[in-house]
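To start, the structure under review is shown below, and the notes come after it.
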Ligand SMILES: *Cc1c(COP(=O)(O)O)cnc(C)c1O
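Numbering (this note's numbering), first residue to last: 1 to 338.
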């Protein structure tokens, strides 16, 4: 697979570390748990969108864009990484932020990723929840175009075949790390949302015939829709890579039992996962994505789905900046030191 054929603006800190989680593994008493640290991609507190943006922003540059636009939820990590990448390239950045949670909490609306969006010089516009955000964005982009700006629009989550190349690249990187360290890996688990991460990973894994099952833990859509979104994007990504048909429908597996009340609304399992990772491994998860992914991992270990003697890699997709928008979800009153 020859990724160097595609324009790419190298900016992420790669390869990200692959680490064994001894204390978490011991606490759960099941498989050996490893973590792939894509929370450490380096750009403005890191996260998975940086890998996608390496390819998307290179395409924007190649097309002569002087500004980029994207859209996401209020506390979108994708919007923040896009704002940061645009700052680095000297491009303008305008963000459409969708109010998916209806929260009027001050931290949620102004701190965390929203603060960072503005620090990187991006302008933002809000939209109520439930609309067609990609259509809204194209309408606003036309407004800028009418003013003479050369706008490159990026779909929500950076999830199109160009963005998914970033996770084809991650699949190659991980398999190289497993091989170099003699690690036989039985499962890879991660949080799945706009589908680009899972679509890129499964395309890369299948193109290499890695033989490692991939499980996405959903954060928004029901299972059938999530798997369909991932599969459709994986097929388009494989086509772009020149290996059409490498991904079968059965290769795409999502478990959406850990969404809870809805996108961006913290769950008990997610808050427990945040506490376990922070207290046992000094790793920060976020309540919207990585904590729900980790809640799925933890629950599936407790239910015996992942077993002793197996080795599971959890791909940490980042998001900890959102913690500062969610401080009201935590209650430390009355806690005692260990
Ligand atoms: C966007 C995001 C995800 C989901 O990745 P997709 O490619 O959108 O499926 C997971 N974790 C974090 C922290 C994210 O920001």
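Virtual Cβ for every residue (Gly too), placed ideally from N, Cα, C.
Practice problem: Thinking residue 24 and residue 276 are a contact (beta carbons under 8 Å), I'd like their distance in whole angstroms, please. | Solution: Correct: roughly 6 Å between the Cβ atoms.
CB contact flag (residue 273, residue 285, <8 Å): yes
inquiry  = What ranges does the alpha helix (DSSP H) occupy inside the region 46-73, keeping only unbroken runs of at least 4 residues that lie completely in it?
reply    = Runs found: 49-62.
- [ ] With a threshold of 16 other CB atoms inside 10 Å of the CB of residue 179, please say whether the residue is buried or exposed.
- [x] Under this definition residue 179 is an exposed residue.
Report task. Would you mind stating whether residue 89 and residue 57 have Cβ atoms separated by less than 8 Å? Result -> Yes, the Cβ-Cβ distance between residue 89 and residue 57 is below 8 Å.
Open item on the list: Along the chain, where does the alpha helix (DSSP H) containing residue 93 start, and where does it finish?
Closed with: Segment 92-99 is the beta strand (DSSP E) holding residue 93; no alpha helix (DSSP H) there.
### Message
Cutting at 6 Å between CB atoms, please list the residues of its own chain near residue 134, excluding the five before and the five after it.
### Response
155
Residue 98 versus residue 131: straight-line alpha-carbon distance, rounded:
8 Å
request  = For residue 44, verify whether its CB is less than 7 Å away from any heavy atom of ligand 1.
outcome  = Checking every heavy atom of ligand 1 against the Cβ of residue 44, none is found closer than 7 Å.
With three or more C-beta pairs closer than 8 Å as the rule, is the region 217-228 touching the region 190-208?
yes
Practice task
With DSSP collapsed to three states, give me the class of residue 161.
Solution key: helix
For this session: Please classify residue 357: is it buried, with 16 or more other beta-carbons within 10 angstroms of its beta-carbon, or exposed?
Result: An answer regarding residue 357 cannot be provided, because it is not within the stretch 1 to 338 covered by the chain.
Going straight from the alpha carbon of residue 64 to that of residue 150, what length do you get?
7 Å
| request: Answer yes or no: the CB of residue 36 versus the heavy atoms of ligand 1, is any distance below 7 Å? | output: no
Exercise. Return the residue from the list 250, 251, 249 and 267 that minimises the CA-CA distance to residue 257.
Key: The candidate whose alpha carbon is nearest that of residue 257 is 267.
- Message: Ignoring anything shorter than 3 residues, give me the beta strand (DSSP E) runs that lie fully in the region 120-197, in order along the chain.
- Response: 123-128, 151-153 and 187-192
(request) Give a yes or no on whether the C-beta atoms belonging to residue 218 and residue 160 are separated by under 8 Å. (result) With contacts defined as CB atoms closer than 8 Å, residue 218 and residue 160 fail to qualify as a contacting pair.
Residues in the same chain with beta-carbon distance under 6 Å from residue 325, minus the five sequence neighbours each way, listed in chain order, please. 75, 107, 108, 111 and 112
Q. In the DSSP assignment, what are the bridge partners of residue 316?
A. 37
(Q) Can you list, in chain order, the residues of its chain with a C-beta nearer than 7 Å to that of residue 166? Leave out the 5 residues immediately preceding and following it. (A) 51, 52, 54, 55 and 200
**When 85, 136, 231 and 291 are compared against residue 122, the one with the closest alpha-carbon** = 85
Just reading off the alpha helix (DSSP H) that residue 228 is part of, what are its end residues? 223-241
Residue 203 and residue 234 - do their beta-carbons sit closer together than 8 Å? yes
*asked:* Using only CA atoms, which one of 327, 298, 302 and 279 lies nearest to residue 337?
replied: Put simply, of 327, 298, 302 and 279 the residue whose alpha carbon is nearest the alpha carbon of residue 337 is 279.
Worksheet item: Quick one: does the C-beta of residue 289 sit closer than 7 Å to a heavy atom of ligand 1?
Response: yes
- Message: Taking 8 Å as the threshold (C-beta atoms), are residue 36 and residue 315 in contact?
- Response: yes
Is the beta carbon of residue 49 within less than 7 Å of some heavy atom of ligand 1?
-> Yes, ligand 1 has a heavy atom inside 7 Å of this Cβ.
### Task
For the beta strand (DSSP E) containing residue 214, list its first residue and its last residue.
Element bounds for residue 214: 214-218.
*Around the Cβ of residue 328, are there at least 16 other Cβ atoms within 10 angstroms (buried) or fewer (exposed)?*
exposed
What's the call for residue 26, buried or exposed, on a 16-neighbour Cβ count within 10 Å?
exposed
If I measure Cβ to Cβ from residue 7 and keep anything under 8 Å in the same chain, skipping five residues before and after, which residues do I get?
55, 58, 59, 61 and 62
What span of residues does the alpha helix (DSSP H) with residue 89 cover, start to end? 77-89
So is the beta-carbon of residue 120 under 7 Å away from any non-hydrogen atom of ligand 1? Checking the Cβ of residue 120 against ligand 1 gives no.
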